[in-house]
Amino acid sequence: MRASYLDYAMSVIVSRALPDVRDGLKPVHRRILFSMKENGYEYNKPYRKSARVVGDVM
202 MRASYLDYAM SVIVSRALPD VRDGLKPVHR RILFSMKENG YEYNKPYRKS
252 ARVVGDVM
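Numbering (the working numbering), first residue to last: 202 to 259.
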């Protein structure tokens, strides 16, 4: 049990918790930025609540 939990914890840390070397973003941040780009939320457009973007990602 202990070894399997340690393996799981390490895989979560490596795949989700550590930022990527290429751009410094975590996977969740990359998904949010991709969704914002796909939906046309850009700096020169009207303000949108962040809950809308997070809801789209989920």
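For glycine and all other residues, C-beta sits at the position ideal for the given N, C-alpha and C.
Would the beta-carbon of residue i fall within 7 Å of that of residue j?
i: residue 254; j: residue 232; result: no
Please list the terminal residues of the continuous alpha helix (DSSP H) segment that includes residue i.
i: residue 238; result: 228–239
i: residue 206; result: 203–213
i: residue 257; result: 251–258
Residue i: which of the options sits nearest, CA to CA?
i: residue 256; options: 227, 236, 248 and 245; result: 236
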